[in-house]
Structures are given as structure tokens and as C-alpha cells.
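Report on one structure; see the data block that follows.
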Amino acid sequence: MVQRTRKYTVITGASSGIGYEAAKTFAERGKNLVITARRKDRLETLKREILEKHPDLDIVIRSADLSVPENVYRLYEGLSDYEIETWINNAGFGNYDSVADQDLDKIRMMLNLNIEALTILSSLYVHDYKDVEGTQLINISSCGGYTIVPTAVTYCAAKFYVSTFTEGLALELKESGAKMKAKVLAPAATKTEFGMMANNVSEYNYDKSFGIYHTSRQVAGFLLELYDSGKVVGIVDRDSFSFRLADPLFPYAGNSLHNQLSAISISGRPDNGNFRH
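Each step along the sequence shown adds one to the number in the numbering used here, with nothing skipped, and position 182 is 220.
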């Protein structure tokens, strides 16, 4: 059993790309980490790289395929002995294809990972930590979560969900007086394994496909800027590739007279023992 004397940052999808660099960036801040992904060998490599520079940190590995709902609950419940200061839902992948021709098995996995797993982990973390000072939930969306991109309609729709869910959660937490902050990062083209997975290819040339893009290290830097800020949204402009911090961007009904009068606040529902799966 781990003593709850240390605080941890959890990063999903940490075996490559943004998650990999984010782990190293947060380690530079002296953060103990729980890193999770499917590929355990990649996580072990990341752990060695971090400990070579930061030997005093505790780096915990959890190998899990989060496209399987049972694994999502198992991951969270397996961290009950750790005090989690920040949770970063980074795991996800994309797909480029027309809606008519897209591979539905791949789409099912994408929706399971990008939407279902993120929602479950966010909900469990908020339930347990919303009143803990200094806690943050950061969900990784995309500028495609604010703009519909040709041949990526389903992916964009999934990321619109991530963006609206997280922005709405941030407003809900604020209105309920919770101490946790919820934030969403929306990068543009980033040189990762994303291009290969989205296009179902073994090699992908970002220079030919995009011309301009960010590195994973740059996006990890944006993530840290968002983490340090009092803003809810960190978004990259698809045209200029400039990064900015912002308040929630989607319209919010707030105190509309047309809202349901009996809505229950985030802190108003007692834990009846049925919250978890």
C-alpha cells in the first residue's frame, strides 16, 4: 500500500507524443507521476528517462487499454491509495475518412477511448476530489473540437464533446463553489503517431501533409501554460498556429429562465454507493 504522503499527476496515453512529453515536463516541475498507456515497454523507457534526471521522483506505471470500459474502472480503482493532485486525460486517437466509408470497428474504439473513457475518468476524479484545494482536471481536445475539419467529421464530433463537456464541467465546478479546476487543451497539428493512426499508414510525413505543425514538446509547454493559468481553455489557432488562453468559448445558458428548475448541483447529490461501476 502506498502512503498518501505524496501527490501525483496522472497522465493517460503517456507512451508517446503529447503524453510522453507532458510527463517529462511535469517531472521537471517535481511532480510524482502515474503514467498509463497500452504499451508497457514505452512507459518503462519513459520512467527510466525521467529518473535519470529526477531520481527523487516516484514514477508509477499502469499498463491499460482504456478503449475497454472495464479497464477504465480498474485503472481508477487501482489508484485509490494515491493522492491525485492533477488528472490529465490525454489518451485518444483520430480518424481521417468520410462518414460513409469509415471503419466502424475503429470508430467504435475511438469513441470508447476519446469519449467514454474520458467521461468516466473525469467523473470519478471530480466525484472524489472536487473539494480538494489545488486539484485540476485537464482534458486534451483539439482545435478540431472547435472547428469541423473535412474528412475528420466523426473525430471532430468526438472532440467537440470533449470541449463542451470540459467547459461545462468547469462552469459547473465554479458555480458550485468547488475547489477543483477543469480545463481543456486544444492543439492543432502536432507531430506524433496521430497521423499514422488516423490515416491507417505505417509512415506519415508531417512536412508534406501540413507544412506547419507543433512538436509534442511545444504542446506539452502549452499544457503547462494552461496548468499555471486561471483560464479554462488553451487553444491553438489553425491558421496562425499561435497559442492563447481563454475563458469558456461555447455559449452557456447559465441563469436562463428556460433551464430545468429542479436541476441538482454538483455537490447536491449524496453518494448512494452506486456511483462507481
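Where is the CB? At the ideal position from N, CA and C, for every residue including glycine.
Every unbroken stretch of the alpha helix (DSSP H) spanning 4 or more residues and falling wholly within the stretch 61-128 is given here in chain order: 78-91 and 107-115.
In the structure shown, the three-state DSSP call for Lys212 is helix. Separation of Ser278 and Ala52 (C-alpha to C-alpha, rounded to the nearest whole angstrom) is 28 Å.
Gln174: member of the beta strand (DSSP E) spanning Gln174 to Ile178, first to last residue. Following the DSSP letters along the chain, one finds Leu287 in no alpha helix (DSSP H), marked with neither H nor E. Residue pairing by DSSP places Ile49 opposite Ile73 and Ile126 in a beta bridge.
Between the alpha carbons of Ser179 and Asp94 lies a distance of about 32 Å. Judged by DSSP in its simplified three-state form, Gly272 adopts strand. Residue pairing for Phe281: DSSP places it in a beta bridge opposite Val274. Selection Tyr265, Pro289 and Tyr290 evaluated against Thr63 yields Tyr265 as nearest (Cα-Cα).
Taken in chain order, the unbroken stretches of beta strand (DSSP E) that lie wholly in the stretch 215-276 and span 3 residues or more are 219-224 and 271-274. Between Glu231 and Ser54 a beta carbon distance of about 5 Å is seen, short of the 8 Å cut, so the two are scored as contacting. At least 8 Å separates the beta-carbon of Val270 from that of Pro289.
Only residues of its own chain outside the window of five on either side were considered, and among them Asn133 and Thr192 have a CB closer than 8 Å to the CB of Gln140, listed in chain order.
Per DSSP, reduced to three states, the secondary structure at Glu154 is helical. Proximity to Leu84 across Ile56, Pro107 and Tyr111 peaks at Ile56, based on C-alpha coordinates.
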